[in-house]
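My numbering puts the first residue of the sequence shown at 1, with every later residue one more than the last. Where a beta carbon is used, it is the ideal one built from N, C-alpha and C, also for glycine. To start, the structure itself, in structure tokens.
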Amino acid sequence: MVNLNEVIATILSDLALARVQADIESIKIAETYANDPLLKNLSIPRMRLRSVSISLPVAIDKVDERKIAESKKPISRNELLQVTQNSFENTISKRKLSMSRNDSDKIKKSLGRKIILVEKELPWIMNDAVTLSNVISNEVGNKLEDVRVAEGKKLTSVELRETIDEIKLDLKRGISNLRRPPNLEVSVNTGELKNMSPKETLAGFNLTIDEDGMEWSTWESNSGVVKKQLVPE
Numbered sequence: 001m002v003n004l005n006e007v008i009a010t011i012l013s014d015l016a017l018a019r020v021q022a023d024i025e026s027i028k029i030a031e032t033y034a035n036d037p038l039l040k041n042l043s044i045p046r047m048r049l050r051s052v053s054i055s056l057p058v059a060i061d062k063v064d065e066r067k068i069a070e071s072k073k074p075i076s077r078n079e080l081l082q083v084t085q086n087s088f089e090n091t092i093s094k095r096k097l098s099m100s101r102n103d104s105d106k107i108k109k110s111l112g113r114k115i116i117l118v119e120k121e122l123p124w125i126m127n128d129a130v131t132l133s134n135v136i137s138n139e140v141g142n143k144l145e146d147v148r149v150a151e152g153k154k155l156t157s158v159e160l161r162e163t164i165d166e167i168k169l170d171l172k173r174g175i176s177n178l179r180r181p182p183n184l185e186v187s188v189n190t191g192e193l194k195n196m197s198p199k200e201t202l203a204g205f206n207l208t209i210d211e212d213g214m215e216w217s218t219w220e221s222n223s224g225v226v227k228k229q230l231v232p233e
């Protein structure tokens with residue numbers, strides 16, 4: 001038995017490696033075309049995996065019902081506050097933004113008030129990692145901008161956006177880890193599927209995987225520092 005998430009991750013990883021191998025072969029073909037008097041006038045073939053459909057039969061062995069119940073519990077205010085403060089501190093440290101303890105405490109208190117407000121007025125998003133991270137990271141961005149302006153160290157729009165995005169990503173990861181659903185233990189071996197006893201639950205998954213790409217973007221900040229970032233192509 002293996003975890004279902006490991007099976008799907010392996011499939012996605014293998015498809016990504018297949019795309020890498022295809023690109024390497026495309027480069028070799030491009031070099032061949034460039035050195036041939038006739039081929040150099042033709043377009044260079046390049047394979048793209050626009051969409052891949054996979055049918056995956058599995059047998060579900062067991063599910064921990066206690067963990068299912070635990071994963072459905074609403075995230076508490078204190079849990080969310082702790083994760084939010086950790087994300088804020090991690091990002092400030094990672095981006096090397098100087099800030100007094102007083103200003104840092106002000107932002108943390110503001111986050112506490114925001115979380116109380118969200119819990120009171122928008123309780124249905126308390127287990128939604130994406131929505132929560134968007135709402136809270138924007139609040140961090142607003143307060144951070146106020147603090148930096150007051151200190152005479154205003155962030156550029158790019159720096160502010162990068163900081164908010166980093167907090168959002170770290171926060172989304174932290175919130176998701178608070179209520180992780182239990183792993184499904186499954187069997188995908190054809191021989192095992194044929195001999196399964198009635199206690200196992202047979203199921204089938206139809207996966208449609210769409211390819212998306214990223215590329216490196218390079219720019220120079222106001223301070224003259226050259227930065228690189230992966231962005232959607």
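Query raised in the report: With DSSP run on the structure shown, which of helix, strand or coil describes Ser234?
Result: Because the chain here runs from 1 to 233, residue 234 falls outside it and cannot be looked at.
Query raised in the report: Taking one C-beta from the stretch 168-186 and one from the stretch 82-96 each time, how about it: are there three or more such pairs within less than 8 Å?
Result: Three or more beta-carbon pairs separated by less than 8 Å link the stretch 168-186 to the stretch 82-96, which places the two stretches in contact.
Query - Residue burial classification, Thr208 (beta-carbon count within 10 angstroms, cutoff 16) - result: What you label residue 208 is simply residue 208 of the sequence shown in a count that begins at 1. Exposed, by the Cβ-count rule.
Report task. Please state if the CB of Ser26 and the CB of Ile54 are separated by a distance shorter than 8 Å. Result -> On the sequence shown, residue 54 is found 54 positions in, with the first residue counted as 1. On the sequence shown, residue 26 is found 26 positions in, with the first residue counted as 1. No.
Query raised in the report: Is it buried or exposed for Thr163, if we count other Cβ within 10 angstroms and need 16 for buried?
Result: Translated into positions along the sequence shown, residue 163 becomes position 163. Buried, because 16 or more other Cβ atoms sit within 10 Å of the Cβ of Thr163.
Report task. Give a yes or no on whether the C-beta atoms belonging to Ser137 and Ile115 are separated by under 8 Å. Result -> Against the sequence shown, residue 137 aligns to sequence position 137. Against the sequence shown, residue 115 aligns to sequence position 115. No, these two residues do not count as a Cβ contact at 8 Å.
**Report entry** Ser133 in three-state terms, based on DSSP
**Finding:** Here the question's residue 133 lines up with position 133 in the sequence shown. Three-state DSSP puts Ser133 in a helix.
Report task. Look up Asn189 in the DSSP assignment and say whether it is helix, strand or coil. Result -> Numbered from 1 along the sequence shown, position 189 holds the residue referred to as residue 189. Note: Asn189 maps to coil in three-state DSSP.
Query raised in the report: Looking at Lys172 and Val130, is the spacing between their C-beta atoms short of 8 Å?
Result: For the purposes of this step, residue 130 is taken as residue 130 along the sequence shown, with counting starting at 1. For the purposes of this step, residue 172 is taken as residue 172 along the sequence shown, with counting starting at 1. Yes, the Cβ-Cβ distance between Val130 and Lys172 is below 8 Å.
Query - Completely contained alpha helix (DSSP H) runs for the stretch 1-76, where each covers 4 or more residues - result: 4-34, 65-71, all fully within the stretch 1-76.
Report task. Using only alpha-carbon positions, find the residue among Val188, Asn102, Lys73, Lys94 that is nearest to Val7. Result -> Counted from its first residue, the sequence shown places residue 7 at position 7. With distances taken between Cα atoms, Val7 lies closest to Val188.
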